[in-house]
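Trainee: By the count of this note's numbering, the sequence shown reaches residue 491 at its end, each step adding exactly one.
Using N, Cα and C, we set each Cβ at its ideal position, and we do this for glycine too.
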Amino acid sequence: MRANIATTVSIAAAVTSFAVARLASRLSAAPSGRHFRFGVLAMCAGGVYALGEAIVAGSISPGTTIWAVRVQLFTLCIHSVAWMTFFAAWSARSFTRPERFVAWSCAVMAPLAFVPRFTIGDTVTEHTVAWLGVTYRDAESGVGGPLLVFITTVGIALSAHSAYRLGRQNAHARHMALGFVLFVLIAILDTLTGLHVVELPYFAPLAVGVVPLFVGSSISSEFAENAEKVAQQANELATTRAALVERERLAAVGQLSAVVAHEVRNPVAIIFNATATLSRRATRSEDKELVDIVRHEAERLKRLVDQLLDSVRPFELQILNGSVDAVVTDAVAVATKGASVAPVEVIIEETQEVPFEADTVLLVQAIANLVTNAILAPGRQSPVRVRGTSTGEGMVRVEVLDDGHGVAEENTSRLFTPFFTTRATGTGLGLALVKRIAEAHGGSVAYENRTPGTAFVLSIPQRRSPTSRPAR
20 MRANIATTVS IAAAVTSFAV ARLASRLSAA PSGRHFRFGV LAMCAGGVYA
70 LGEAIVAGSI SPGTTIWAVR VQLFTLCIHS VAWMTFFAAW SARSFTRPER
120 FVAWSCAVMA PLAFVPRFTI GDTVTEHTVA WLGVTYRDAE SGVGGPLLVF
170 ITTVGIALSA HSAYRLGRQN AHARHMALGF VLFVLIAILD TLTGLHVVEL
220 PYFAPLAVGV VPLFVGSSIS SEFAENAEKV AQQANELATT RAALVERERL
270 AAVGQLSAVV AHEVRNPVAI IFNATATLSR RATRSEDKEL VDIVRHEAER
320 LKRLVDQLLD SVRPFELQIL NGSVDAVVTD AVAVATKGAS VAPVEVIIEE
370 TQEVPFEADT VLLVQAIANL VTNAILAPGR QSPVRVRGTS TGEGMVRVEV
420 LDDGHGVAEE NTSRLFTPFF TTRATGTGLG LALVKRIAEA HGGSVAYENR
470 TPGTAFVLSI PQRRSPTSRP AR
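1. Tell me the DSSP secondary structure of F222 in three-state form.
2. Considering only the alpha carbon of each residue, which of F169, G164, A108 lies closest to L185?
3. Using 10 angstroms around the beta-carbon of L336, count the other beta-carbons present and answer buried if the total reaches 16, otherwise exposed.
4. Go to T147, then tell me how far its beta strand (DSSP E) extends in each direction, as first and last residue.
5. Give the secondary structure of F199 by DSSP, where H, G and I count as helix, E and B as strand, and everything else as coil.
6. Which value, in whole angstroms, describes the spacing of the CA atoms of R92 and A190?
7. Pull up the distance between the alpha-carbon of R314 and that of E308, whole angstroms please.
8. Please confirm if the region 245-252 is in contact with the region 227-234, defined as three or more CB-CB distances below 8 Å between the two stretches.
9. Identify whether I541 lies in helix, strand or coil by the three-state DSSP scheme.
10. Can you tell me whether DSSP reads S113 as helix, strand or coil?
11. Based on Cα-Cα distance, which residue from G174, R482, T147, L201 lies nearest to L219?
12. With burial defined as no fewer than 16 other Cβ atoms inside 10 Å of the residue's Cβ, what is the status of I394: buried or exposed?
13. Alpha carbon to alpha carbon, how far is G235 from T142? Give it in angstroms, no decimals.
14. S237 and M195 - do their beta-carbons sit closer together than 9 Å?
15. Checking 9 Å against the spacing of the C-beta atoms, do L177 and V121 come in under that value?
16. Express the C-alpha separation of T26 and R45 in angstroms, rounding to a whole number.
17. Pop quiz: F37 and G58 are said to be a contact at Cβ under 8 Å. What is the actual Cβ separation, rounded to whole angstroms?
18. Shortest alpha-carbon distance to R399 belongs to which of A377, A387, V380, V426?
19. Are L382 and V405 closer than 9 Å when you measure CB to CB?
20. Quick one: Cα of M62 to Cα of E458, how far?
21. Can you name the start and end residues of the alpha helix (DSSP H) that R404 belongs to?
22. Which residue from V346, T138, S239 puts its Cα closest to that of E372?
23. Have a look at A378 and P480 and give me their C-alpha separation to the nearest angstrom.
24. On the CB-based measure, 16 or more other CB atoms within 10 Å of its CB, does T259 come out buried or exposed?
25. Once DSSP output is grouped into helix, strand and coil, what is the label at A377?
26. Output needed for S463: all residues of its chain with C-beta closer than 7 Å, excluding positions within five of it in sequence on either side, in chain order.
27. Determine the direct distance from the alpha carbon of S181 to that of F114, and round the result to whole angstroms.
28. Give the list of continuous alpha helix (DSSP H) stretches no shorter than 4 residues that lie fully inside the region 154-217.
29. To which residues of the same chain is S298 closer than 6 Å at the C-beta, ignoring the five residues directly before and after it?
30. Give me the Cβ distance between I97 and A132, rounded to the nearest whole Å; I'm assuming they're in contact under 8 Å.
31. The beta strand (DSSP E) that contains G341, what's its start and end?
32. When DSSP labels each residue in this structure, what does V28 get in the three-state scheme?
33. Would you mind stating whether R482 and E364 have Cβ atoms separated by less than 9 Å?
34. Quickly, what does DSSP pair T473 with across the bridge? List them, please.
35. Please state whether the Cβ-Cβ distance between T388 and A352 is less than 9 Å.
36. Hey, how far is the Cα of L70 from the Cα of T94?
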């Protein structure tokens with residue numbers, strides 16, 4: 020009954036080898052997994068070797084034992100060379116000189132395994148592992164048998180070295196290195212067992228099954244990593260595609276806006292001239308009030324036209340020397356005048372006299388847009404606060420804070436998208452223009468939730484090249 024333990028282990032090792040080989044064969048179809056073809060060959064050879072060991076450990080005739088051992092020796096040669104080729108292909112390199120020597124030696128020794136009395140003789144002996152109760156049938160060793168085992172063991176040792184070297188660059192190969200080191204130790208131990216130096220069972224079938232397990236672990240981790248990369252790339256592709264579609268949509272809307280704004284601009288100018296004339300000629304207060312209403316609405320239309328044109332046309336940066344406090348002061352003055360609120364509704368605090376280089380006109384426009392946006396924030400109770408500082412890392416930072424209700428979380432990602440607005444009278448162009456101006460200066464603008472309220476933070480480099488360039 021105990022004699023079946025070795026047979027069972029050998030069959031289990033063979034099944035494991037063939038199962039992992041099947042898994043590796045599927046990966047070998049991919050361009051990046053072609054090296055697995057040699058791993059498939061090696062594991063299939065190992066599976067045949069394990070089946071041979073199952074035969075040798077069973078109760079069979081001497082003739083069958085001899086043929087089973089010859090097949091085992093033949094598959095050992097294939098097994099050794101296939102693993103060396105696997106690691107060479109994985110590393111995208113040629114055989115080293117020792118590997119080339121082992122490969123040619125195995126090519127010569129493999130067919131000699133079937134030559135009578137060269138690798139093994141015609142006599143079969145039995146040896147029993149008394150403490151385990153397992154009996155093995157060994158064919159008498161010939162002249163070439165020990166040499167063949169030695170050469171194939173060297174091949175496995177070279178594969179272990181290749182796995183170790185590859186493992187320093189590729190984490191997936193580290194598992195394999197341990198498996199091959201174990202294989203070499205088992206090969207040495209089985210050689211001592213065959214020479215009756217130690218009384219132990221043969222562990223080679225176990226090694227043949229263990230190595231594919233390490234390979235399978237490596238394949239699984241590589242597959243999981245590749246699957247994660249594919250999922251990440253798919254998400255990036257979907258995001259890029261959505262961004263491209265949105266960009267094309269905005270480009271079309273921008274072109275349409277430019278045409279509409281250009282066509283509306285001249286009629287608005289005519290309306291201004293007409294209202295000015297009517298205002299001078301009006302004698303009754305009711306007439307003047309109506310003219311003022313028309314002029315006020317015309318001014319609103321003019322601002323909308325200007326915003327549309329600013330959102331689509333390129334502008335040239337005119338780099339000048341400026342200071343944070345001066346730019347912030349000018350921007351607040353523009354915003355309070357445009358929003359028709361008292362200056363006390365905006366407080367300038369902690370603003371430093373920090374020199375910087377920028378297009379101060381555009382920067383005033385950007386900060387004024389942020390201040391106007393804060394003034395109109397829903398739920399605002401306290402004055403808007405503005406402060407400008409230097410970060411100490413070569414960046415100028417302007418913060419505009421309000422205590423309003425803020426922006427819903429689902430809308431924060433679209434804040435700086437052209438034509439997106441949550442206000443009934445908004446155009447969705449102010450923040451988009453701020454972003455364009457910030458990025459044209461090599462900076463950025465961000466929205467932050469604060470307690471209480473919210474903040475918009477504009478950051479630009481303190482120093483830049485004095486040459487101007489077109490900003491899109």
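Mentor: Let's see:
1. In the three-state DSSP reduction, F222 falls in the coil class, being neither helix nor strand.
2. Looking at the Cα atoms, A108 is the closest of the given residues.
3. L336 should be labelled buried.
4. Bounds of the beta strand (DSSP E) holding T147 are 139-148.
5. F199 falls in the helix class under three-state DSSP.
6. The sequence as given places Leu at residue 92; Arg does not occur at that position. So the two alpha carbons sit approximately 32 Å from each other.
7. One alpha carbon belongs to R314, the other to E308, and they sit about 10 Å apart.
8. Result no; under three Cβ-Cβ pairs closer than 8 Å.
9. Past the boundaries of the shown model lies residue 541; the chain is included only from 20 to 491, so the question cannot be answered.
10. DSSP places S113 in coil when its eight states are reduced to three.
11. Checked all of G174, R482, T147, L201; the closest Cα to L219 is T147.
12. Counting other Cβ atoms within 10 Å of its Cβ, I394 reaches 16 or more and is therefore classed as buried.
13. Between the alpha carbons of T142 and G235 lies a gap of roughly 39 Å.
14. Yes. Within cutoff.
15. A contact, by the Cβ cut-off of 9 Å.
16. The C-alpha of R45 lies about 29 Å from the C-alpha of T26.
17. Between G58 and F37 the Cβ distance is about 13 Å, and since that is not below 8 Å, they are no contact.
18. Nearest option by C-alpha distance: V426.
19. For L382 and V405, no; Cβs fall outside 9 Å.
20. Using only the alpha carbons, I get a separation of about 57 Å.
21. Run containing R404: none in the alpha helix (DSSP H); it sits in the beta strand (DSSP E), 403-409.
22. Measuring from the Cα of E372, the nearest candidate turns out to be V346.
23. The residue you asked about is not Ala; residue 378 is Asp in the sequence shown. In a straight line, the C-alpha of D378 is about 12 Å away from that of P480.
24. Answer is exposed; the Cβ neighbour count stays below 16.
25. DSSP places A377 within a strand segment (E or B) once states are collapsed to three.
26. Setting aside the 5 residues that flank it on each side, S463 is surrounded in the same chain by A457, S478, each with a C-beta closer than 7 Å to its C-beta; the list follows chain order.
27. Take the alpha-carbon of F114 and the one of S181: they are about 11 Å apart.
28. Fully contained in the region 154-217 are the following alpha helix (DSSP H) runs of length 4 or more, in chain order: 163-186, 193-213.
29. Around S298: V310.
30. In fact, because the Cβ distance is near 10 Å, the residues do not count as touching under 8 Å.
31. Element bounds for G341: 339-342.
32. Shown here, V28 sits in a helix according to DSSP, grouped into three states.
33. For R482 and E364, no; Cβs fall outside 9 Å.
34. Note: T473 sits in a beta bridge opposite D421, N468.
35. Checking the displayed sequence, the identity of residue 388 turns out to be Asn instead of Thr. Contact annotation: N388 and A352 have beta-carbon atoms that are not nearer than 9 Å.
36. Distance from the CA atom of L70 to the CA atom of T94, rounded to whole angstroms, is 11 Å.
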